[in-house]
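Taken in order, the sequence shown gives residues 3 to 817; the numbers are from the numbering used here.
Glycine included, every Cβ here is placed at the ideal spot set by N, Cα and C.
These notes concern the structure reproduced below.
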Amino acid sequence: MHRPFFRAMRIPRILTFGSGILLLLCLPRSTWASDGVAAFSHAEADILWVIIASALVLFMQAGFLMLETGMVRAKNTINVAFKNLFDFFIGVVAFFALGYGIMFGTSYMGWIGTDYFFLEGMKEPSKFAFFLFQATFLGTAATIASGAVAERMRFTAYIFISIFASVWIYPVFGHWAWGGGWLSEIGFIDFAGSTVVHSTGGWIALAAIIMLGPRQDKFDENGKPRKITGHNLPAAALGTFILMFGWLGFNGGSTLAYTDSIPLILVNTTVAAAGGALSAMVVSWIRFRAPAVEDGINGILGGLVAVTAGCHMLSPAMALFVGIIAGIIAALFVSLLESFFRLDDVVGAFTVHSVCGVWGTIALALVGNVSSFATSASGEPISRLQQLGIQFLGVGSNILWAFGLALIFFWIIKRITPLRVTAEEESNGLNFSEHNARTNWFELMRSMDSMARGEGDLSTKLEVEPATAEGAIAEVFNRIQERMYGLISQIHTSVDQMELAAADMNDVSVDINSTVEEQSAQLEEIHALMELISKAVQDVAAFTEKQNHLSTQVEAMIGRTVDSASILHDRIDQATDRAGSGRKLAAEGQTVVGELAQGMQGIEFGAGKVLNIVQTLQKISEQLSFLSINASIEAARSGHDGQGFAVVAGEINNLAEFTAARTKEAQTHISEMQQWVRAGSGGLVKTRGAFETISQEVANIDEELKQIRRISEEQNEQGKRIPELMSELDEMAGSIEVNVKSRSKEIGEIYESISELNESLTAMNKRTEKLSDTGTSLHDNALGLQKLTARFRLDRFTGTHTTLPGPSQALPGQA
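Quick look at the structure:
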C-alpha cells in the first residue's frame, strides 16, 4: 500500500550507503585493522578503492538517466532512460572486445593499442579493476550524446554511434592521452578526463545535433528559440546530485590508488561544483530576474567537468575559480548555441562537457601547480606557456578527431538509414513510436490529451488504483468524463437544434432576400415613375405659370378684340351703308356705261361713214394720179406746147400725192379710232357686265355684312362674357398652380420617402445577407461542433480501456 513511499526511500538509502563507504575509505589505513583482523595490504587497498570508485562512476549512469529524463518531455522519458541504460551495456561489450585493447594495449607508434582485445593476456587483479574503472568511464563518454539528441533521434542510429564511439573514437584518443600515445609523451595533462571523456562525448553530441537538426517545435517561424521545459525538473536536480556523488569516484578514483591526494581531489571537486552553481545562478538572475533551474544544473555540471582535468594539481581556491568561470560559460553558451547557431541541445550537453571541458583543460596550465607539469629533459617542470601550448594541442586534436570523425560517421549513417524519427513519431513521442511503451501515467495522460484535443472515448472509465496519486487523479478524471459525457450529449442535442434553426434561418433569409429584391426592383420602377411624375408636375407648374401669364395677355387682347369688335360693328354698319350707296352708284354707272356704249356704237357708225368718204377720196386721188400721168404723157408729146399741161400735170400730181397722203393718214387715224372705239365699246360692254357683277356682289356684300353684323353682335355679347370667363380661368389656374406646387412638394416628399425606403431595403438586404451568412456560419459551426463532439464516443460506460494511441495520436507534453 505504500509502494511509492518505499520506492522514494531507496535512493536516499543508496546514497547513505555509498557515502558511508566513501567516508570509511577516507580514513587512515591504520584504522582499517583491529584486533583479530589483518590489515589490508597496499595493493589490496588500491584495488578496493578502484572498485569502489568504479561503482561510484557506474552510479553516475543513474544520475545521467535522472537528469536527462527530467529535462525532456514525458512522452520521451522511456526512450531517454533506455538509451542511457542500453548505451552503457553495449558500450561495455564493445569496449571489452576492441576498445580497451585499442586504448590501453601496447602502443603502435603512439597512435593505437595492439593487444588486450577481449582482455586476452590480462591476469592481474589490478588490471581487471582498471578495466572495470575504464569501462565506467567509457559509459560516461558514450552517454553524453544521449541528452543532446533526445526527443528526435532513432534508437538504431543512436546504437550505431554508441558502438562506433566505444570501439574507435573514444579509445583512439584515450590511447593518445592515457595509453602511452603521442599526447602523453609530450606531457598533455588530463587527470580524470575533462577532454578525454567529457569533451569527446560533447563533440560527438555537437556533430549529432548538427546532422539531426532541431526538434520540430523548438524554433518559431522567425528562428527564435522557444523554451521547452522538461517534465520533471526535480528529478533532473536529483540526477545532478547523483552525478556529483558519482563524480567523487570519477575524480578520486583516477588516482588508481588509495593515496593522500584523494581528499584534496574530492574537496576541489566539491568546491568547483559549488562555484559553478553560484556563478550560473547569478548570471541567470541577471538575465531573467529569476534563477533558472536548468542554468543551475548546468553550472554545477560545468564546474565538475572543468575541474576534472586538474583536480589533483589545483588549490581549492583555484578550483573554485575554475568552477565559477565554468558556471558562467554554462549559463551563457547554452543560450548562444540556440540563438546564434540555431542548434538544439536538449540538456546543454555540448556546452557542459565540451566547452567547459576545454576551459578546464586550458585552465590547469594557467592556475595549476607548476610542479605537476610535464618535465623537460633536465627533469625540471616546463613553463606555464609551454604547458599551455601542449594543452591547446591536446584540445585541438580532440576537436579534430572526435568532432570531425563523428560528423563523417553521421553523414555516412544518414545515407544508409534515417537518423531521426518522422514528424508524426516525434509528435507522438519516442516512448510509443520507438519502444511501444507506456508509464503508469500513460493511460491517464492519453485520455486527458484526447479530451484536450477534442476527441476520445467517454464511454469507458480509467482504472482507479487505490491509495496512489495516479488512482486519485484517475478517479477525479472519471468524474470529469461523466460530466463531459452529459455535456457532449447535450451539445449533440443542441447541435441538432442549431442545424434546424440555421436551416430555417437560411430559408427565411432567402425568402426575405427574395422579397426585398422584388420590392427593391418595384421601388426602383416607382422611383423612376415618380421622377417622371415629378418632372411632369414641374412641367405642369411651369405651364400653368406660363398659362397665367398668357391668360393675362389673352385677357388684354380679348379686351382689345372686344373693342375692335365694337369698332368693327360700327364699321360694318358704315360698310353696309356704303354698300347700299355703292349698289346705287353701280346701277347708275351701269346706266351711264350703257349710254356710253350706245354713244360708242354711234361713233363707230360715224367712223364707218367717214372711212367710206376717205375711201372715196382715196379713189379720187388715184384718178388724179392717173390724170397727172396722162397729162405728163401729153405734155411730153406736145413738147413745148405741152408745158402748160406739164405744169398742170405736176400740180395735179402734187395734189394727188398730197390728197393720197392725207387720205392715207386719215384712213390710218380713222382705222385706229375705229379700233379704239371698238375696244372702248368692248370695254364698256365688259364694264357694264362688271358693273352688273359689282352690283350683284355689292348686294351679296350687303347681305354678308348684315350676317357679319348679326355675328358681330353675337360675338360682342360673348366677348363681354369672356373677361368674366378669363377671370374664372385665372382663379382656376391660380388654384391649379397652388395645388401643383403642393403636389410637387408632396411628390418630392414621396420621392425622398421612396429613396429612404429603397435605402432601408438595401440595408435590409445587406442585413439579410449577413443573416444568411450568420445562418451559414451557424450551420458550419454546428457541423464543426458536431465533428468535434463526434470524436467522443458516447456509448454506455464500460470497464477500463487500455488501448494504446494510434500513430496520429500525440501524448501530453508534446508542445
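- The C-beta distance from residue 393 to residue 190 rounds to 7 Å, short enough to fall under 8 Å.
- In terms of CA proximity to residue 614, 669 leads the group 669, 592, 396 and 575.
- For the pair residue 730 and residue 547, the CB atoms are not nearer than the 8 Å cut-off.
- Annotation: the continuous alpha helix (DSSP H) that includes residue 102 extends over 102-106.
- Residue 575 places its beta carbon less than 8 Å from that of residue 711.
- Between residue 353 and residue 332 the beta-carbon gap is near 6 Å, inside 8 Å, which marks them as a contact.
- The beta carbon of residue 616 sits closer than 7 Å to those of 665, 668, 669 and 672, all from its chain and outside the five residues before and after it, given in chain order.
- Here residue 231 carries a coil assignment [DSSP, helix/strand/coil].
- Taking a cut-off of 8 Å for Cβ pairs, the stretch 305-312 and the stretch 105-117 do not touch, as fewer than three such pairs fall below it.
- Assignment of alpha helix (DSSP H) within the stretch 128-175, counting only whole runs of 4 or more residues, yields 157-166 in chain order.
- The three-state secondary structure of residue 77, taken from DSSP, is helix.
- Judged by DSSP secondary structure, residue 184 falls within the alpha helix (DSSP H) whose first and last residues are 184-188.
- Following the DSSP letters along the chain, one finds residue 341 inside the alpha helix (DSSP H) bounded by residues 318-341.
- Excluding the 5 residues flanking it on each side, residue 196 has same chain C-beta neighbours closer than 7 Å at 307, 308, 310, 311, 359, 362 and 363, in chain order.
- Assignment of residue 226 by DSSP, reduced to helix, strand and coil, places it in the coil class.
- Nearest in C-alpha terms to residue 787, of all of 497, 762 and 773, is 497.
- Within the stretch 593-676, no complete alpha helix (DSSP H) segment of 4 residues or longer occurs.
- The three-state reading of DSSP puts residue 422 in strand, counting E and B together.
- Between residue 654 and residue 637, the CB-CB gap reaches or exceeds 8 Å.
- For residue 285, the enclosing alpha helix (DSSP H) covers residues 264-290.
- Assignment of residue 114 by DSSP, reduced to helix, strand and coil, places it in the strand class.
- Residue pairing for residue 243: DSSP places it in no beta bridge.
- The straight-line gap separating the alpha-carbon atoms of residue 329 and residue 285 is approximately 9 Å.
- By the criterion of a C-beta distance shorter than 8 Å, residue 561 is surrounded in its chain by 725, once the five residues flanking it on both sides are discounted.
- With respect to residue 118, residue 135 sits apart: the two C-beta atoms are not nearer than 8 Å.
- By the neighbour-count criterion, in which 16 or more other beta carbons inside 10 Å mark a residue as buried, residue 702 falls on the exposed side.
- Under the three-state reduction of DSSP, residue 377 is assigned to strand.
- When secondary structure is reduced to three states using DSSP, residue 688 falls in the helix class.
- The straight-line gap separating the alpha-carbon atoms of residue 181 and residue 367 is approximately 21 Å.
- Burial check for residue 519: the Cβ neighbour count within 10 Å stays below 16, so the residue is exposed.
- Among the bridge pairs identified by DSSP, residue 435 is matched with none.
- DSSP, read as helix, strand or coil, puts residue 411 in helix.
- Under DSSP, residue 383 takes part in a beta bridge, and its partners are 377.
- As computed with DSSP, residue 109 is found in a beta bridge with 115.
- Bounds of any alpha helix (DSSP H) do not take in residue 314, whose DSSP letter is neither H nor E.
- Taking C-beta atoms under 8 Å as the contact rule, residue 90 and residue 149 fail to qualify, at a distance of about 14 Å.
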